[in-house]
Amino acid sequence: MTFRKTLIPLSTLILLLSACGANDGQDDAQPEENPTGEEQQYDRDESNDPYEMHDSDDRSDMHNMHGGGSGEVPESLKAAENPEFPVGSEVVMHADHMPGMDGVKATVTGAYDTTAYSVTYTPTDGGKPVEDHKWIVHEELQNPGDAPLEEGTTVTLEADHMPGMDDAEAIIESAKQTTVYMVDFVSAESGEEVKNHKWVTEDELSEPE
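Residues -22 to -1, 1 to 187 in mature numbering (1 follows the signal peptide of the UniProt record, and there is no 0) are what the sequence shown spells out, letter by letter.
Right, here's the structure in full:
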């Protein structure tokens, strides 16, 4: 009788010790440097590629925002009377103002006689400085005076071709009196349709072969 009473608590003690040993093994097996959900989200937010954070519809909107617009022009900008490429003409572009543009066919949606400038400016939205942007027309400058302005002149932009452009201070890099064209085209890089791109100068266009 005495032997049986002693055996039962010893068996129970052995089982308890075995269970503790098993739990200790499981704790040791857990990885020590598993990233948390917050750390993974942080890595995604740090991506330098803006397209990775947008779906296909957003990409189209961004593309149009950077390269096209509503087709509105300043009231003082006069339509060209006898442009080499009338509205509705098909043309080939020879310019690389934006990716997927050079060598691509386009349709003329507007033609205007003016002075076109290439400018360097710092966007008002905190973006990096944009060097030698082509093109801004004289009528898209704030109180510009008589055209053409000389190289090195400081001006204020009144154009919204790109985010942060409107009301930005700029430096005139070059000027040319010419006919500028507004065009529609499909980007050879993205396949997206760009509507009312501003601007392409007459010497940057040719007739399709």
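Positions of the beta carbon are idealized from the N, C-alpha and C atoms, including for glycine.
- Residue state for ASP80 is assigned as coil, using DSSP reduced to three classes.
- In this chain, the beta strand (DSSP E) harbouring SER152 covers 147 to 164.
- Counting along the chain, ASN60 sits inside no beta strand (DSSP E), nor does DSSP assign it H or E at all.
- Fewer than three Cβ pairs drawn from the stretch 76 to 84 and the stretch 94 to 105 lie within less than 8 Å of each other, which leaves the two stretches out of contact.
- By the neighbour-count definition (other C-beta atoms within 10 Å, threshold 16), ALA57 is an exposed residue.
- VAL158 and ALA73 have their C-alpha atoms spaced approximately 13 Å apart.
- A direct Cα-to-Cα measurement between SER152 and LEU135 gives close to 15 Å.
- Contact annotation, VAL86 with GLY66: C-beta distance approximately 6 Å; criterion of less than 8 Å satisfied.
- Along the length of the stretch 84 to 128, whole beta strand (DSSP E) runs at least 3 residues long occupy 108 to 115, reported in chain order.
- Around TRP177, the same chain offers ALA94, TRP113, VAL115, VAL158, TYR159, MET160 as residues with beta carbons nearer than 7 Å, after the five sequence neighbours per side are excluded.
- A check of alpha carbon separations from PRO141 across GLU109, ASP91, GLY123, THR102 identifies THR102 as the nearest.
- If you ignore the 5 residues before and after GLY49, its C-beta comes within less than 6 Å of the C-beta of ASN174, all in its own chain and listed in chain order.
- Looking at the DSSP output, SER184 shares a beta bridge with VAL70.
- For PRO186, the closest alpha carbon among the candidates MET71, GLU180, GLU167 is that of MET71.
- Nearest in C-alpha terms to GLU129, of all of ASP110, GLN120, GLU182, ASP138, is ASP110.
- TYR90 has its alpha-carbon roughly 8 Å from the corresponding atom of PRO61.
- Counting only the Cα atoms, GLY88 lies some 28 Å from THR132.
- Between ASP138 and ASP144, the gap from beta carbon to beta carbon is short of 7 Å.
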